[in-house]
Amino acid sequence: MRVGVVTFSVSRMAGGMFESVRSLHQALSQHTTTEVFSISDAHTSEDVNVWEPLPVRICDSTFPHSLRYSPKLSGDLAEFMPDVVHVHGLWQGPSIAALKWHKSTSQPYIVSPRGMLDPWALNHSRWKKRIAGFAFENCHLRSAKCIHALCESEAQSIRRYGLTNPIAVIPNGVHLRCGDEKARHGTTVRRQSDGRRKLLFLGRIHPKKGIKELLKAWSTIPATLRSDWSLLVAGWDDGGYLPELLNQVQQLRIEKSVQFVGPKYGDSKSAIFEAADAFILPSFSEGLPMAVLEAWSFGLPVVMTSHCNLPEGFTNGAAFEIVNSNNREMTNGLESFLKLSDSQLNAMGDAGRRLVESKFTWESISDAFVEVYKWIAGEGERPSCVR
Numbered sequence: 006m007r008v009g010v011v012t013f014s015v016s017r018m019a020g021g022m023f024e025s026v027r028s029l030h031q032a033l034s035q036h037t038t039t040e041v042f043s044i045s046d047a048h049t050s051e052d053v054n055v056w057e058p059l060p061v062r063i064c065d066s067t068f069p070h071s072l073r074y075s076p077k078l079s080g081d082l083a084e085f086m087p088d089v090v091h092v093h094g095l096w097q098g099p100s101i102a103a104l105k106w107h108k109s110t111s112q113p114y115i116v117s118p119r120g121m122l123d124p125w126a127l128n129h130s131r132w133k134k135r136i137a138g139f140a141f142e143n144c145h146l147r148s149a150k151c152i153h154a155l156c157e158s159e160a161q162s163i164r165r166y167g168l169t170n171p172i173a174v175i176p177n178g179v180h181l182r183c184g185d186e187k188a189r190h191g192t193t194v195r196r197q198s199d200g201r202r203k204l205l206f207l208g209r210i211h212p213k214k215g216i217k218e219l220l221k222a223w224s225t226i227p228a229t230l231r232s233d234w235s236l237l238v239a240g241w242d243d244g245g246y247l248p249e250l251l252n253q254v255q256q257l258r259i260e261k262s263v264q265f266v267g268p269k270y271g272d273s274k275s276a277i278f279e280a281a282d283a284f285i286l287p288s289f290s291e292g293l294p295m296a297v298l299e300a301w302s303f304g305l306p307v308v309m310t311s312h313c314n315l316p317e318g319f320t321n322g323a324a325f326e327i328v329n330s331n332n333r334e335m336t337n338g339l340e341s342f343l344k345l346s347d348s349q350l351n352a353m354g355d356a357g358r359r360l361v362e363s364k365f366t367w368e369s370i371s372d373a374f375v376e377v378y379k380w381i382a383g384e385g386e387r388p389s390c391v392r
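What follows is the structure, given as structure tokens:
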């Protein structure tokens, strides 16, 4: 089967999709003939090689460049002659290209919104999304043979948006860390050279991630805990939000226990996971966060909100829940987590590792997508993951 993958970026500019979309289709390449179609950006030339062995076709966008539209993309898709197209992400030019290809060929496509129909996400830049919806996105979504949801919560958001298409619920996956000791045998909580353990945040520096609320809560936990733990914030600045957070750190006088370490990719990302003792994601909105799955693959205990859409983390003892809508509740939750014993943190990390082994490997997830592709191409039965 020939599968065309359409995504607005093949670089780090895609945030978590840089890892999730790439890893999915690299795993699927063992079952399909795949080509990737995308739009150039500032980091494309640096990052495109990590998509190997997948062929990638890059198109330059026309004005306005923020729309990321290229009239060439639909023609490149037609030239490839895919049986199925898989579109990742919404509100940008690749949606137009996929819809144009579909109208000219009558071939089916599946759309992965990647959390972009969740209520918080829809309210962010609301009017721009309403305009894009009216202009092209609503038609693009309604014309999809199937829509992919990462979790039940996202499936509900898709229905609330008014879409009646079949929905395939398939989570993200993760590569198991087979080589490092901590991943194979669970977390070994330890103090660093400065006497502190490390609580890691890794993700986009963006308001939806709850970093501002985390810093506020961090400033109000007992000073004894801040002397025992340090907070590492890793990620790239999405939209110029970083200066506000750096100023907040100064105003709250927590600069001695908080460090912004910049974006981390590849080996440097693995290294910072290996150096961490726990992971935190206080998001207001997520599809299904790769960073949490990666933290579990490294055997790290995780503290996160329910908006991360991984309830099995709580039910399996792999995660500790915090609430980010109220500073007092978030402070109390963060304080309780940081007071957990080493044995409790170790058990949480072990549970996370077992959870990704049982449910979130790319091998099992790619098998589910193969069945969905066959079904929408008219070559197989409707899979059980589709409702």
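All residue numbers for the sequence shown refer to this note's numbering, where the first residue is 6 and numbers rise by one.
We treat Cβ as the ideally placed atom computed from N, Cα and C, and that holds for glycine.
Using beta-carbon positions only, say whether R7 and D65 come within less than 8 Å of one another. Along the sequence shown, read from residue 1 onward, the residue named residue 7 stands at position 2. Along the sequence shown, read from residue 1 onward, the residue named residue 65 stands at position 60. No, these two residues do not count as a Cβ contact at 8 Å.
Going by Cα to Cα distance, which pick from C156, I370 and S45 is closest to S34? Indexing the sequence shown from 1 puts residue 34 at position 29. Residue I370 is the option with its Cα nearest to S34.
Using beta-carbon positions only, say whether L95 and E142 come within less than 8 Å of one another. Residue mapping note: residue 95 aligns to position 90 of the sequence shown, counting from 1. Residue mapping note: residue 142 aligns to position 137 of the sequence shown, counting from 1. A contact, by the Cβ cut-off of 8 Å.
On the criterion of 16 or more Cβ atoms from any shown chain inside 10 Å, does H70 qualify as buried, or is it exposed? Looking up residue 70 in the sequence shown gives position 65. So H70 counts as exposed.
Kindly provide the ranges of any beta strand (DSSP E) runs that are 3 or more residues long and lie completely inside the region 321 to 356, ordered along the chain. 324 to 326
Residue range of the unbroken alpha helix (DSSP H) whose run includes M295: To locate residue 295, count along the sequence shown from 1; it is residue 290. Note, M295: alpha helix (DSSP H), M295 to S302.
Please state if the CB of S79 and the CB of D46 are separated by a distance shorter than 8 Å. The count along the sequence shown starts at 1 and reaches residue 46 at position 41. The count along the sequence shown starts at 1 and reaches residue 79 at position 74. No.
Proximity to K203 [Cα-Cα], best of S224, L230, R182 and N177: Translated into positions along the sequence shown, residue 203 becomes position 198. Nearest C-alpha to K203: L230.
Just how far apart, CA to CA, sit K187 and N54? As a working note, residue 187 is residue 182 in the sequence shown. As a working note, residue 54 is residue 49 in the sequence shown. Because the pLDDT at K187 is just 48, under 50, the model does not fix this residue reliably, and the value given afterwards should be weighed accordingly. Whole-angstrom Cα-Cα distance: 29 Å.
Determine whether the beta carbon atoms of L168 and R135 lie at a separation below 8 Å. Numbered from its first residue, the sequence shown carries residue 168 at position 163. Numbered from its first residue, the sequence shown carries residue 135 at position 130. No; because the gap between Cβ atoms is not below 8 Å, this pair is not in contact.
Return yes when the Cβ of M309 is within less than 8 Å of the Cβ of E24, no when it is not. In the sequence shown, the residue the question calls residue 24 occupies position 19. In the sequence shown, the residue the question calls residue 309 occupies position 304. For E24 and M309, no; Cβs fall outside 8 Å.
To the nearest angstrom, how far is the alpha carbon of A324 from that of I277? To locate residue 324, count along the sequence shown from 1; it is residue 319. To locate residue 277, count along the sequence shown from 1; it is residue 272. Straight-line Cα distance between these residues: approximately 19 Å.
Rounded to a whole number of angstroms, what is the C-alpha to C-alpha distance between H153 and Y166? Along the sequence shown, one-based indexing puts residue 153 at 148. Along the sequence shown, one-based indexing puts residue 166 at 161. H153 and Y166: Cα-Cα distance of roughly 14 Å.
Buried or exposed by the 16-neighbour rule on C-beta atoms within 10 Å, applied to A280: On the sequence shown, position 275 is the one that residue 280 refers to. It counts as exposed.
If we count Cβ pairs, one from each stretch, closer than 8 Å, do we get three or more for the region 329 to 347 versus the region 359 to 375? no
Among the residues of its own chain, which have a CB less than 7 Å from the CB of P58, if the five just before and after it don't count? Counting from 1 along the sequence shown, the entry for residue 58 is found at position 53. These residues qualify, in order along the chain: S34.
Use the C-beta contact count for R392: other C-beta atoms within 10 angstroms, 16 or more gives buried, fewer gives exposed. On the sequence shown, residue 392 is found 387 positions in, with the first residue counted as 1. Exposed: under 16 other Cβ atoms inside 10 Å.
Which residues does DSSP list as the beta-bridge partners of A239? If you number the sequence shown from 1, residue 239 lands on position 234. According to DSSP, which records beta bridges pairwise, A239 is partnered with L207 and G267.
Sorted by chain position, which residues of the same chain lie with C-beta nearer than 6 Å to G318's C-beta, five sequence neighbours on each side aside? Your numbering for residue 318 matches position 313 in the sequence shown. Same-chain partners within the cutoff: A324.
For the alpha helix (DSSP H) holding S369, just list the boundary residues, first then last. The sequence position of residue 369 within the sequence shown is 364, counting from 1. S369 -> alpha helix (DSSP H) spans W367 to I381.
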